[in-house]
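Shown next, in structure tokens, is the structure this report addresses.
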Amino acid sequence: MRQKKKERSKLNRLFKQNSFVAAKLFLFLIFFPLYAEKSPFIDNALKMNSPAESISYIAANVESINNIEEKKQTLLFMANLQKQSGLYLDAYSTYSAIIQLEKNKPNSDIRIQAAACAMSAGELETAEAVLDSVISLNEADSSVAKFLAVWCGVLKAPSVQSLEKPVSLFKSFLKDDTMSGVKASVLFSLWWLTNETDWAMQLQTEYPASPETALINGKTRLFPASYFLFIPRKNNEFQPAAQKTETAAEPQKNVKSTDNSKEKLTWQQVGFFKSEANAQNCVKKLKAAGFEGTIRTETRPSGTVYYAVLVRETDGNVGQNLKNSGFECYPVFE
């Protein structure tokens, strides 16, 4: 009986991890190029040495912009940069500032961006409130907001057994013509949550050129939430290539202490390669710069083996230190 409880607890924990990162997949597929013109402040920000410097430059100067449209353009650039840098709460605040500038003419796209960042930060109630405001606008297409609202429900579900309602809603979307714009994402969601290959086959047949199909086939990967590739799914847990024998029994040790914990930033991903030699070269470059790199492997559904190079996040500053040393990196949550 105790062993069954442990297995159920582990399954539920994996479910929570899988649900969270699958949701992030859709958050990062959503991007709206809202403003065609570019502010000179954006040009200046692009001349900075790093995303962090660009963000700091805009934050220090944006209040001096008097033209509302230019201010919105500049804030949008900063919000997108914050989102791509994994600064989700900061990005949410910046998108919210844009919303405040558009009180007389609500922009549903900006609100969806704000909700997406709130979801990425784990602020689900905030995300739901923003998505409700989009749906209440009664615009012709609120399909994205409705889709993400269901994913908020998935993220709140305490266990695999609680998925019946979200799965049912996703299935109903397939019969709703007003949801046709997100049908590929709905099919991917159903495949991801149920692990039933019929949904994947339908997705591949109806949307062969979609990003979702490419992800299923292992032909592409998603940035900046690249840790999506490294979250365990049923019967597909992986470990660092150099530590498999050492860590195989470890998951059971911390089951009790992590069941109710939120995912934490534990790694910075520096590289992702098909070649193990290239991954090893990346580790050598990191070592020369004073960083300790770890290689992890992931076998995609296509059979292709990828090698991820990770650096342990110890104090919250490793990501910025890597960027200051010339390494692009992306946050990995576990």
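Under the numbering used here, the first residue of the sequence shown is numbered 630, with each subsequent residue one higher. Ideal Cβ positions, reconstructed from N, Cα and C, are used throughout, including at glycine.
Residue ranges of uninterrupted alpha helix (DSSP H) with 4 or more members, entirely inside the stretch 668 to 741 and ordered along the chain, are 669 to 675, 680 to 690, 697 to 713 and 717 to 730. In this structure, the straight-line span from the alpha carbon of L753 to that of A747 is close to 7 Å. By the CB criterion at 7 Å, V779 and L798 fall inside the cutoff. Annotation: the continuous beta strand (DSSP E) that includes L939 extends over V934 to R941. Listed as beta-bridge partners of T926 by DSSP are Y936.
Cβ-Cβ separation between R740 and S722: approximately 14 Å, too far for a contact (criterion under 8 Å). With a cutoff of 7 Å on beta-carbon distance, F920 and V940 are scored as near each other.
Per DSSP, the unbroken alpha helix (DSSP H) holding V779 starts and ends at S772 to K785. Leaving aside the five residues that flank P735 on each side, the residues in its chain whose CB is nearer than 7 Å to its CB run, in chain order, L766. Straight-line spacing of the CA atoms in E942 and L894 works out to 7 Å. Note on P960: 16 or more other CB atoms within 10 angstroms of its CB, so buried under the neighbour-count rule. Comparing alpha carbon positions, the residue from L819, D827, S771 and Q790 closest to G810 is S771.
The C-beta distance from S668 to Q702 rounds to 5 Å, short enough to fall under 8 Å.
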